Amino acid sequence: MAKLYFYYSAMNAGKSTTLLQSAHNYEERGMSVMLFTPNVDDREGVGTISSRIGLRREVIGFGGECDLFEVIRQQQATCKTDCVLVDEAQFLTPTQVLQLTMVCDQLDIPVLCYGIRTDFKGEPFPGSKYLLAWAEDLIEIKTVCRTGKKATMNARLDADGNPVVEGDQIDIGHHYIALSRREFDLPSKTPVPYDRTDKSSPAE
Numbered sequence: 049m050a051k052l053y054f055y056y057s058a059m060n061a062g063k064s065t066t067l068l069q070s071a072h073n074y075e076e077r078g079m080s081v082m083l084f085t086p087n088v089d090d091r092e093g094v095g096t097i098s099s100r101i102g103l104r105r106e107v108i109g110f111g112g113e114c115d116l117f118e119v120i121r122q123q124q125a126t127c128k129t130d131c132v133l134v135d136e137a138q139f140l141t142p143t144q145v146l147q148l149t150m151v152c153d154q155l156d157i158p159v160l161c162y163g164i165r166t167d168f169k170g171e172p173f174p175g176s177k178y179l180l181a182w183a184e185d186l187i188e189i190k191t192v193c194r195t196g197k198k199a200t201m202n203a204r205l206d207a208d209g210n211p212v213v214e215g216d217q218i219d220i221g222h223h224y225i226a227l228s229r230r231e232f233d234l235p236s237k238t239p240v241p242y243d244r245t246d247k248s249s250p251a252e
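Sequential numbering of the sequence shown, starting at 49, is according to my numbering.
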C-alpha cells in the first residue's frame, strides 16, 4: 500500500536537494514521477524547484485552489505515475493534504512531501500540521544551529540581521536562519500566553 511521507526540517537543511535526488532515483530506474511546488514560493520563478547547491528543475506549480487529487488522477489515467513529490509542503492547504492522502489510498501512489514545520514565531503551518497528523512516515532532515546544537526553529531576520517578531506568516525570501529552540528564544516569539508575574502559590 502506498504511503504519505513528510520529510521535515528547519531552514537550509537541503530539503529541495533531497527531493530532487529522490526524483532522480525513481527516474534512473525507469519510473515516472510528478513533481509539484506551490506558486507562492516564486523565488526562482513559478513552477521551479531550486536547491542551494545549484540543482534546478521545472515542475508543476499549483495554487491554493488546485485539486491535487484530480490533477494526479487525470495524469494517472493516461500515463502511469509511480511517485508524487511535493516541495515547500508547509504551504499546502489542509484540503490539499487530504487530497494527497487520497492519492495514496485510492490511487495507490506514494506521496513524498518536503517542508518545514513552523514559522518565525514557532507556529505550525496549516499544511505541516496536517502532514504531521496524517502521514504514515515522518522523517527529519537534520541541520545545525550556529551554536552547534540541533536546529529546529526558523528565525526571520530584517535587513540589519535582527530577529523579526511581527508580520504575516508567509514572507518568501532567503532572510531566515535555522536555530535551536534555546537560541531562537521561543517564549519571546510565540503567541502562546504564559504569565510568570505571580508564581507564589504552590501548584495544586
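Backbone N, C-alpha and C fix where the C-beta goes; we use that ideal spot for every residue, glycine too.
Please read these numbers as outputs of a predicted model, since none were measured by experiment.
Counting along the chain, no beta strand (DSSP E) covers G221, and no H or E run does either. Between the C-alpha atoms of F117 and D153 there is a straight-line separation of about 11 angstroms. Assignment of L140 by DSSP, reduced to helix, strand and coil, places it in the coil class.
Relative to the Cα of C193, the nearest Cα in the group A58, T66, D156 belongs to A58. Between S70 and D130, the gap from beta carbon to beta carbon reaches 8 angstroms or more.
Look at P174 here: in three-state DSSP terms it is helix.
Of the candidates A125, D167, P211, F110, the residue whose Cα lies closest to the Cα of I220 is D167.
Distance between Y242 and K63, taken at the CA atoms: about 33 angstroms.
When secondary structure is reduced to three states using DSSP, V159 falls in the strand class. Contact check for I189 against Y53 fails: the beta carbons are separated by 8 angstroms or more.
In this structure, the alpha-carbon of Y56 lies about 8 angstroms from that of C161. Bounds of any alpha helix (DSSP H) do not take in V134; it lies within the beta strand (DSSP E) bounded by 131–134.
In this chain, the alpha helix (DSSP H) harbouring A71 covers 63–76.
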